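All remarks here apply to the structure that follows.
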Amino acid sequence: MGQRSSCRSCRHCSPPSAEAMGWCHLRRLEIHQELASDLWCHHWTARSPRLPVSEILPYSHPHPGAAPTIRQLALTDLLPASV
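Quick note: the sequence shown, position 39, residue 38 per numbering that gives the first Met the number 0, numbers continuous.
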């Protein structure tokens, strides 16, 4: 599923948090968290992705010197908790 252009994914906007509203640095407007995924303006500039850091774990293969194993990313930590 592709990421849709919105204030939530714009370089010019600080994303909203649980305590505070988001902020558009270009228009100097507060962005409500419920509207951030729906609002968009012609100044929208893609934000580079923020991926979770993964650990490289030692490979548990019986042969010494085997290649390391890369652990799967835990994306559930990035999703909002359901009510």
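Every residue, glycine too, gets a C-beta built ideally from N, C-alpha and C. It should be emphasised that the depicted structure is a prediction, and the values quoted were computed from it without experimental measurement.
Check	Outcome
According to DSSP, residues forming a beta bridge with Ser13	Trp22
Cβ separation of Trp22 and Glu29, assumed to be a contact under 8 Å, to the nearest whole Å	6 Å
C-alpha distance - His42 paired with Asp76, whole-angstrom precision	30 Å
Burial state of Ala35 (16 or more Cβ within 10 Å)	buried
Nearest to His24 (by Cα), restricted to the options Cys6, Gln32, Ser47, His11	His11
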